[in-house]
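Written below as structure tokens is the structure these notes are about.
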Amino acid sequence: AAKVPAPEALPYVDPRINYSSLLKPGFHLTAPYGWMNDPNGMFQGPGGVYHAFFQWNPFKAVWGPPW
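Printed below as a string of structure tokens:
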């Protein structure tokens, strides 16, 4: 299995998915659930930590107000 760089992300890692598959990109922004769009603002901050911002609706798998 591939290494998980952020231990706090473990609750969102689906054990049924082969994250080391040759068909899966080495890096891919994926929401833990719901719908995400428009990844932007990616940068490397102080201390080498990478950040990425995106729109996310955790309540629906489609675009719309998150309520």
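What the sequence shown shows, in this note's numbering, is residues 1 to 67, in sequence order. Glycine is no exception: its CB is placed at the ideal position from the N, C-alpha and C atoms.
- In this chain, the beta strand (DSSP E) harbouring residue 51 covers 50-57.
- Distance from the CA of residue 51 to the CA of residue 40, rounded to the nearest whole angstrom, comes to 10 Å.
- Under DSSP, residue 35 takes part in a beta bridge, and its partners are 57.
- According to DSSP, residue 40 shares a beta bridge with 53.
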